[in-house]
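J.:
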DNA sequence: TTTTAAAATGAATGATTGTTCATTTAATTT
DNA sequence: AAATTAAATGAACAATCATTCATTTTAAAA
């Protein structure tokens, strides 16, 4: 079910994760090449070259060129799933948690915009089984944002709007940074992008109680 | 510079745009196939088949498979550039013009979501000369939105925010419908999507004068 | 009708490239 | 050291397809 028949993970001796390490080497090489030149435009030979190995060896660690794509996309999504909760955790106030989530999401996208676009460009070409895995991960990340928003609503800081709706808007916004920088070039820096959008969101969502509550943090 | 060496447009007789018509046939066939199955996954043979012709003939009307892609993308963008101003024109009040622009944009995207994604997926693989053409068209469409926003600001209805910034957010939002429906499936209908987002935008942007002014239209 | 030109065909071409596998190299074990 | 297993190589294979072009069909002109 997982990936490759010929290689068993964790053979012999102690820790024995070297197999996964070598696989990661191919995946990162692939990620870079796919991001810069596109999936179809990248040959397996090039990936091997960049990873410092021969083309044939790749097939010991991966079934397909396609699996390499799946792993590349998943690596990106996993970094989302790791970074965002980390940022949220550091805050207690619902509004600050929301802000942190939004900020973290945009920042992690801004950190590797091209890799982010991989998911947009190439999820479609994967078989549905793989597509579902990706979709699943996205939904999980969305959930984090949704929870923040819901908390703000129950605290009476945000007015009662559809949570999923706003959640998706936040996600789109974050991805928007990657989409934008590729298509329109830079109009402004990430910081401005974050601040501007956060301002827009809060203004649109605050109740008067929320607005009041938030003032405290601005002064500090 | 334009497209094909072997065919001159507007030969002989009267109107004589039949050449362009036959070319369009290939382009629409290509658009559909590229949208559904992807560019690389579509063969020239398939395009010819769908257009009811032979593969070889395509090359009388188009230099490349790539040019077919360019034309497919441009056809979509041109429909944007046509529909949105049409909707804006019917309104006089700045706020209504803005609303109309946003609504029209989302609707035209919702009308052919897959085609919209073509630009996202495949602009990157086109040679820079073609890419620039596409970018140019996008900027033109953006300009329409920007003008609406600027008008709202000078009328004192919107607070003074960066116009380009908001403009891009509107565009992203519209595209977001296509991106979403592909990735997350339908959470809600287009109408809800439009209303919800319009509400969010207006709440975030209104001055008190603007809010006041807008109430009139809501009652009517 | 005869001639000439345009439109259309589709089999053949040529180049590309993912994948395999017989073979070599390196590491482990006995 | 010898034997055995794992890791790695890279040339060869097979399939795919964009593109071409000699040929046929259709239309227009003389």
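Chains as they are written, first to last, in the numbering used here: chain A, 9 to 228; chain B, 9 to 228.
Built from N, CA and C at the ideal position, the CB exists for glycine as well.
When you compare each of B/134, B/120, B/181 to residue 47 of chain B by their alpha carbons, which one comes out closest?
T.: For residue 47 of chain B, the nearest C-alpha among the options comes from B/134.
J.: Grab the span of the alpha helix (DSSP H) containing residue 169 of chain A for me, first residue to last.
T.: No alpha helix (DSSP H) holds residue 169 of chain A; DSSP gives it neither H nor E.
J.: Please report whether the beta-carbon of residue 170 of chain A lies at a distance below 8 Å from any beta-carbon of chain B.
T.: At least one chain B Cβ lies under 8 Å of residue 170 of chain A.
J.: Can you check which of these residues, B/188, B/139, B/124, is closest to residue 88 of chain B by C-alpha distance?
T.: The shortest C-alpha separation from residue 88 of chain B is found at B/124.
J.: To the nearest angstrom, how far is it from the Cα of residue 109 of chain A to the Cα of residue 68 of chain A?
T.: Spanning the two alpha carbons is a distance of roughly 39 Å.
J.: Output, in sequence order along the chain, the residues in the stretch 32 to 60 of chain A whose CB is closer than 8 Å to any CB in chain B.
T.: Listed in sequence order: 46, 48, 49.
J.: Comparing C-alpha positions only, which one of A/145, A/173, A/130, A/111 sits nearest to residue 49 of chain A?
T.: Here the closest residue by C-alpha is A/130.
J.: Please check if any C-beta of chain B sits within less than 8 Å of the C-beta of residue 219 of chain A.
T.: No, residue 219 of chain A lies away from the interface with chain B (no Cβ there is under 8 Å from its Cβ).
J.: Using the beta-carbon count (16 or more within 10 Å), is residue 107 of chain B buried or exposed?
T.: Buried, since its Cβ has 16 or more Cβ neighbours within 10 Å.
J.: Among residues of its own chain, excluding the 5 on either side of residue 35 of chain A, which ones have a beta-carbon nearer than 7 Å to its beta-carbon?
T.: Around residue 35 of chain A: 76, 79, 80, 83.
J.: Return no unless some Cβ of chain A is closer than 8 Å to the Cβ of residue 188 of chain B.
T.: For residue 188 of chain B, the answer is yes, since a Cβ of chain A falls inside 8 Å of its Cβ.
J.: Tell me the rounded alpha-carbon separation between residue 111 of chain B and residue 185 of chain B.
T.: Spanning the two alpha carbons is a distance of roughly 12 Å.
J.: Along the chain, which unbroken stretches of the alpha helix (DSSP H) at least 4 residues long are found entirely within the stretch 52 to 111 of chain B?
T.: Listed in chain order, the complete alpha helix (DSSP H) runs (minimum 4 residues) inside the stretch 52 to 111 of chain B are 52 to 59, 63 to 66, 73 to 97.
J.: According to DSSP, simplified to helix, strand and coil, what is residue 17 of chain B?
T.: Since pLDDT at residue 17 of chain B reaches only 40, below the 50 mark, its modelled position is unreliable, and the value read off the structure follows with that caveat. Looking at residue 17 of chain B - three-state DSSP - the assignment turns out to be coil, as it is neither helix nor strand.
J.: Pick out the complete beta strand (DSSP E) segments inside the stretch 140 to 215 of chain A, 3 residues or longer, and give them in chain order.
T.: The qualifying runs do not exist here; there are none.
J.: Using 10 angstroms around the beta-carbon of residue 160 of chain B, count the other beta-carbons present and answer buried if the total reaches 16, otherwise exposed.
T.: So residue 160 of chain B counts as buried.
J.: If the criterion is Cβ atoms closer than 8 Å, does the pair residue 166 of chain B and residue 213 of chain B meet it?
T.: Contact flag set, yes.
J.: Output, in chain order, the set of chain B residues within a Cβ distance shorter than 7 Å of residue 208 of chain A.
T.: In chain order: 212.
J.: At which residues does the alpha helix (DSSP H) containing residue 121 of chain B begin and terminate?
T.: Where residue 121 of chain B is concerned, the enclosing alpha helix (DSSP H) stretches over 121 to 130.
J.: Go through its chain and collect everything with a Cβ distance to residue 20 of chain B's Cβ below 8 Å, but skip five positions before and after it.
T.: Confidence in residue 20 of chain B is poor, its pLDDT being 36 and thus under 50, which makes the residue's placement unreliable; the coordinate value appears in the next sentence. So the list is empty, once near-sequence residues are dropped.
J.: Applying the criterion that 16 or more other CB atoms from any shown protein chain within 10 Å of the CB defines a buried residue, is residue 64 of chain B buried or exposed?
T.: Flag for residue 64 of chain B reads exposed.
J.: Listing by chain order, which chain A residues have their CB less than 8 Å from the CB of residue 195 of chain B?
T.: Residues of chain A passing the Cβ test: 172, 173, 176.
J.: Just the C-alpha distance for residue 149 of chain B and residue 177 of chain B, rounded to the nearest angstrom, thanks.
T.: Taking the straight line from one Cα to the other gives about 13 Å.
J.: What residues from chain B crowd round residue 153 of chain A, counting only those whose CB sits closer than 8 Å?
T.: Those within 8 Å of residue 153 of chain A in chain B number zero; the least Cβ separation is about 13 Å.
J.: My output table needs one value for residue 218 of chain A: the three-state DSSP class, helix, strand or coil.
T.: Of the three classes helix, strand and coil, the one that applies to residue 218 of chain A here is helix, per DSSP.
J.: How would you list, in chain order, the residues of chain A whose beta-carbon sits under 8 Å from the beta-carbon of residue 223 of chain B?
T.: Those within 8 Å of residue 223 of chain B in chain A number zero; the least Cβ separation is about 18 Å.
J.: At a Cβ threshold of 8 Å, is residue 126 of chain B touching chain A?
T.: False, the Cβ-Cβ gap to chain A never drops below 8 Å.
J.: Kindly say whether residue 180 of chain A, judged by its beta-carbon, lies nearer than 8 Å to any beta-carbon of chain B.
T.: With 8 Å as the cut-off, residue 180 of chain A counts as an interface residue toward chain B.
J.: What are the residues of the stretch 93 to 105 of chain A that lie near chain B, defined by any Cβ-Cβ distance shorter than 8 Å?
T.: Answer in chain order: no residues at all.
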